[in-house]
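Numbering (the working numbering), first residue to last: 389 to 732. Backbone N, C-alpha and C define an ideal beta-carbon position, used for all residues, glycine too. The structure presented is a predicted model; accordingly, all values stated were derived computationally and were not measured.
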Ligand SMILES: Cc1ncc(COP(=O)(O)O)c(C=O)c1O
């Protein structure tokens, strides 16, 4: 194992020893290759550079209390990447090839998997890009899928409750995606479209920006790069929208909420309903759940306070603890969401 300050890792790029790649040429995927280079030789006319023909994913691997390495729901990431590929006219990488690449890249970089006690994890970044040259707007004939990894720190240093709940800035002048656009796919363009609104929110001291639906500005869409979840009594509420990314964390939390006997509602959520929520959070691979203290509608000068004491509520805390427990192998994995990777 490498000598790293495991407990103080940021969420940032770090060079590790190996990445794995697979190229698509002449109408088919080739063989998985291993390389220690952080660079890709790329044609100046590659479609990913000009027309954004690319997509990515984010997955985590965890070293458990039992020292086993578990990857969480990578087959779901494979399926989501395939759905993005269909939307952007890129060839789909078969699930088995995708999962084999994850296994290989984790094993090759096993010395970078943070120890259980650190609360950190190994972040896996699959990237699929159009590498073939085109100048007319059309899909490339050649593609490259790369997977690389890096250790990333625990999102909540000192534990879930220690950071308290955070404030979000509702931005009405910016949309990250259009109702019939690319919001439900993981293409880089959605993230480029969010950078400016994110910068404004951050500059004003908010954790992140908060989007309403682009058409009517009535319903909740997403919290930055995370799905929104709300708790009202015994009900788990999350937006149904054509322009939000189907979060694998959210899907898992909905199942866990149902397992706990909660009612689960996935439906359009009017922004005023924020006033009726007992708890709210932003969910995704990075944090599992980031509790929301309040949401400020900065243009209308209105505040929706959700957590009066600034702390995460009991239901989200329970769901967070349960999901983290499954990822680290301390809770039974009843739905077979994790795969143990043999790294030795
Ligand atoms: C825009 C957006 N929404 C939601 C999520 C959460 O998705 P997941 O739970 O699959 O990480 C992410 C992160 O991947 C994201 O980028």
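Quick check: the Cα distance between residue i and residue j, rounded to an integer number of angstroms?
| i | j | result |
| --- | --- | --- |
| residue 405 | residue 390 | 11 Å |
| residue 655 | residue 457 | 36 Å |
| residue 706 | residue 640 | 13 Å |
| residue 474 | residue 581 | 21 Å |
| residue 651 | residue 704 | 14 Å |
| residue 627 | residue 606 | 12 Å |
| residue 696 | residue 642 | 25 Å |
| residue 666 | residue 460 | 29 Å |
| residue 688 | residue 484 | 49 Å |
| residue 414 | residue 518 | 13 Å |
| residue 540 | residue 400 | 7 Å |
| residue 477 | residue 527 | 6 Å |
| residue 620 | residue 603 | 26 Å |
| residue 719 | residue 676 | 15 Å |
| residue 684 | residue 428 | 42 Å |
With DSSP run on the structure shown, which of helix, strand or coil describes residue i?
| i | result |
| --- | --- |
| residue 425 | coil |
| residue 469 | helix |
| residue 513 | strand |
| residue 725 | coil |
| residue 577 | helix |
| residue 548 | coil |
| residue 399 | coil |
| residue 478 | coil |
| residue 693 | strand |
| residue 713 | helix |
| residue 526 | coil |
| residue 718 | coil |
| residue 504 | helix |
| residue 594 | coil |
| residue 585 | helix |
| residue 447 | strand |
| residue 491 | helix |
Across which residues does DSSP place residue i in a beta bridge pair?
| i | result |
| --- | --- |
| residue 406 | The partner list for residue 406 (beta bridge, DSSP) is empty, contrary to what the question assumes. |
| residue 680 | 554 |
| residue 620 | 623 |
| residue 654 | 626 |
| residue 535 | 408, 514 |
| residue 672 | 676 |
Figure out for me which residue from the options has the closest Cα to the Cα of residue i.
| i | options | result |
| --- | --- | --- |
| residue 692 | 716, 477, 660 | 660 |
| residue 668 | 698, 648, 644 | 698 |
| residue 646 | 392, 623, 528 | 623 |
| residue 632 | 610, 695, 481 | 610 |
| residue 551 | 401, 700, 710 | 700 |
| residue 562 | 546, 598, 536, 547 | 598 |
| residue 543 | 466, 585, 673 | 673 |
| residue 516 | 411, 585, 595 | 411 |
| residue 545 | 505, 714, 537 | 505 |
| residue 425 | 407, 441, 396, 722 | 407 |
| residue 553 | 685, 393, 671, 715 | 671 |
Assuming residue i contacts residue j under a Cβ cut-off of 8 Å, what Cβ separation, rounded to an integer in Å, is found between them?
| i | j | result |
| --- | --- | --- |
| residue 614 | residue 589 | No, residue 614 and residue 589 are not in contact; Cβ-Cβ is about 13 Å, not under 8 Å. |
| residue 453 | residue 729 | Contact flag wrong, Cβ pair sits at about 16 Å. |
| residue 433 | residue 522 | 6 Å |
| residue 488 | residue 420 | 7 Å |
| residue 572 | residue 630 | 6 Å |
| residue 502 | residue 508 | 3 Å |
| residue 555 | residue 594 | 5 Å |
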